[in-house]
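Colleague:
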């Protein structure tokens, strides 16, 4: 992404595993609605809604050491495209880049989940990233909201967990998938 304030270094699994589980975060965004609105407003006021968004910080699974969670689009002739988020060894993933970034002190942000989708050159937005990180810390929501570097998908996605393979499937139209009972719903 070529932005001095966005650290895309692979996060150690031990740090990733400390993130809150999605089930523990289902009401968190609504509890911080003012901060949510302020952060979206900050993005909009800089005219960067096409480049950045916000994301609820969470994990679905603990991952083994030496791996990171990676979002990859799966294309196929017999189904609509979908996104697979799975535990991968970063050195074996081509075009790995940061997707979701947590605020750190000093105007920096560090990736905690990644994608293989191409990203824009974000070099001219270093000042915005620093301001965003400072605002997140000032609002006290550094464990709640992350910065998304360019939405990899627009619209509402339905998530399905596949715990046996430490993966989540995200689809925009779930009608082609087998039906199952839903346990929890959460907006991320």
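Residue numbers (UniProt numbering): 1 to 188.
For every residue, glycine included, the Cβ atom is placed at its ideal position computed from N, Cα and C.
Since this is a predicted model, take the numbers as computed values, not measurements.
Quick one: residues in its chain with C-beta nearer than 7 angstroms to the C-beta of residue 13, no 5 flanking neighbours on either side, listed in chain order?
Modeller: As a working note, residue 13 is residue 13 in the chain shown. Only 63, 64, 65, 66, 67 meet the Cβ criterion.
Colleague: Of the choices 5, 147, 115, whose alpha-carbon is the least far from that of residue 42?
Modeller: Taking the first residue of the chain shown as 1, we reach residue 42 at position 42. Selected option, being the one with the closest Cα: 147.
Colleague: Between residue 114 and residue 37, what straight-line distance do the alpha-carbon atoms span, to the nearest angstrom?
Modeller: Here the question's residue 114 lines up with position 114 in the chain shown. Here the question's residue 37 lines up with position 37 in the chain shown. Using only the alpha carbons, I get a separation of about 25 angstroms.
Colleague: Take the Cβ of residue 88 as the centre, count every other Cβ of all protein chains shown within 10 Å, and call the residue buried at 16 or more, exposed below.
Modeller: Here residue 88 is taken as the residue at index 88 of the chain shown, counted from 1. With 16 or more Cβ atoms within 10 Å of its Cβ, residue 88 is classed as buried.
Colleague: How would you call residue 125, buried or exposed, if buried means at least 16 neighbouring beta carbons within 10 angstroms?
Modeller: Along the chain shown, one-based indexing puts residue 125 at 125. Answer is buried; the Cβ neighbour count reaches 16.
Colleague: Are residue 168 and residue 60 closer than 8 angstroms when you measure CB to CB?
Modeller: Within the chain shown, the letter at position 168 stands for residue 168. Within the chain shown, the letter at position 60 stands for residue 60. Closer than 8 angstroms, so yes.
Colleague: Cα-Cα, which of 72, 143, 11, 81 is closest to residue 203?
Modeller: Lying before the first or after the last residue shown, residue 203 is absent from the chain, which here runs from 1 to 188.
Colleague: Contact between the stretch 2-16 and the stretch 103-113: three or more CB pairs below 8 angstroms?
Modeller: The stretch 2-16 vs the stretch 103-113: in contact.
Colleague: Looking only at its own chain, which residues have a Cβ that is under 6 angstroms from the Cβ of residue 116, when we skip the five neighbours before and after it?
Modeller: Within the chain shown, residue 116 is the residue found at index 116, counting from 1. These residues qualify, in order along the chain: 72, 95.
Colleague: Using only the alpha-carbon positions, how far apart do residue 82 and residue 70 sit?
Modeller: Along the chain shown, read from residue 1 onward, the residue named residue 82 stands at position 82. Along the chain shown, read from residue 1 onward, the residue named residue 70 stands at position 70. Rounded to whole angstroms, residue 82 to residue 70 spans 14 angstroms at the Cα level.
Colleague: Can you tell me where the beta strand (DSSP E) holding residue 55 begins and where it ends?
Modeller: Within the chain shown, numbered from 1, the residue matching residue 55 stands at position 55. It spans 52-56 - the beta strand (DSSP E) in which residue 55 sits, taken as one unbroken run.
Colleague: Put residue 42 into one of helix, strand or coil per three-state DSSP.
Modeller: In the chain shown, counting from the first residue as 1, residue 42 sits at position 42. Looking at residue 42 - three-state DSSP - the assignment turns out to be helix.
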